[in-house]
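What follows is one structure encoded as structure tokens, with my remarks underneath.
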Amino acid sequence: MSEDDAQKTEKIDVASGEDAAADGVAAVTVLSEPAEEQPAPEQAEEKPAEPTVKFEKQKEVPASASSDAQPTNWLVVGGAFAAGVVLVGAATLATVFGIQSHSRGNELAYRDSATQAACDFGNLVSTWDPAKFDDYITKVKAQSTGAWLDQFASGADPLKELVQQANVKSSVSEIHCGWQAGDADHATVVMLISQQEQKPADPQPQISDVDVVATLEHKGDNWVVSDFKSPRLANMLKSSPAGGLPGAAPAPAPAPAPPK
1 MSEDDAQKTE KIDVASGEDA AADGVAAVTV LSEPAEEQPA PEQAEEKPAE
51 PTVKFEKQKE VPASASSDAQ PTNWLVVGGA FAAGVVLVGA ATLATVFGIQ
101 SHSRGNELAY RDSATQAACD FGNLVSTWDP AKFDDYITKV KAQSTGAWLD
151 QFASGADPLK ELVQQANVKS SVSEIHCGWQ AGDADHATVV MLISQQEQKP
201 ADPQPQISDV DVVATLEHKG DNWVVSDFKS PRLANMLKSS PAGGLPGAAP
251 APAPAPAPPK
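Each residue of the sequence shown is one higher than the last, beginning at 1 in the UniProt record's numbering.
Rendered as structure tokens:
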């Protein structure tokens, strides 16, 4: 130990037993050099307390509460499933209605085309000029078929004779046509034709309303007439000149039956 260390060490002398007994107090003599005054430590700057974040402990959910929450999950799944079913159903209905709409559109299309074809033919067959009657016959034949074509072809010449004899022009002032029945290949159309017939010497035309039931067939891209039920035209197509035209010669009276 160095002298400096010895000087810095406190020495404690214990009094003899007699002195201690006399005084009743243990005498302690402390011999030491005064310690150098150490500078007081600088007080540490107080730092502001950092904010404390408190985490709330998650409460434990009782088992009963967890079991009660499960039905809610099933309700969510069930709702989603129901929504999916509704969407699928809506898509199916949209498809069905789309098909029905398309089918309805096709039906309206062939109805309209057949009705228009019947109207065009009614106007054609009711309009003629004695000077151009051969063209009239050709056009009517081109739009006819079946039994009606045979009927018209066989009566075309007598009809020409009748019209030219009476010198009567015919035209249509008004025509109404309506679908009655049929499908994409066959159609029945009813017509009401306001037909006016006029002679050059008579300025006042004779107007008559003619009821017609026409049957049409769809051939290729066109509708053609297979039957044309007009009582007046049927009478005109007969070989007898009594067709009811203004100025036409009356039919001769039938010969009386021989007596029995």
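Cβ atoms here follow ideal geometry from the backbone N, Cα and C, with glycine treated the same way.
Taking 4 residues as the minimum length, the alpha helix (DSSP H) runs contained wholly in the region 136-215 are 146-166, in order along the chain.
T138 sits exposed, since fewer than 16 C-beta atoms from the chains shown fall within 10 Å of its C-beta.
Distances from the alpha-carbon of T115 to those of W148, D185 and C177 put C177 closest. Listed in chain order, the non-local C-beta contacts of N106 below 7 Å within the same chain number zero, local neighbours out to five positions each way being set aside. Assigned with DSSP and collapsed to three states, D112 falls in helix. The Cβ atoms of L124 and L237 do not sit closer than 8 Å to each other.
Only residues of its own chain outside the window of five on either side were considered, and among them D185 have a CB closer than 6 Å to the CB of H218, listed in chain order. Distance check between L192 and each of A181, V213 and G182 places V213 closest, using alpha-carbon atoms only. A direct Cα-Cα distance of roughly 15 Å separates V190 from W223. Taking a cut-off of 8 Å on C-beta distances, the region 165-173 touches the region 196-212, as three or more cross pairs fall below it. According to the DSSP secondary-structure assignment, V125 is paired through a beta bridge with no residue. By the Cβ-count criterion, A131 is exposed, with fewer than 16 other Cβ atoms from all chains shown falling within 10 Å of its own Cβ.
Secondary structure note for A234: its alpha helix (DSSP H) is the uninterrupted segment P231 to M236. In its chain, beyond the 5 residues on either side, S226 have a beta carbon closer than 6 Å to the beta carbon of G146. DSSP lists T215 as the bridge partner or partners of D227. In terms of Cβ geometry, S126 and S154 do not form a close pair [threshold 8 Å].
Between S230 and D221, the alpha-carbon positions lie close to 26 Å from each other. Taking 8 Å as the cut-off, the beta carbon of Q143 is found closer than this to the beta carbon of F121. In this structure, the CA atom of I175 is about 11 Å from the CA atom of A118.
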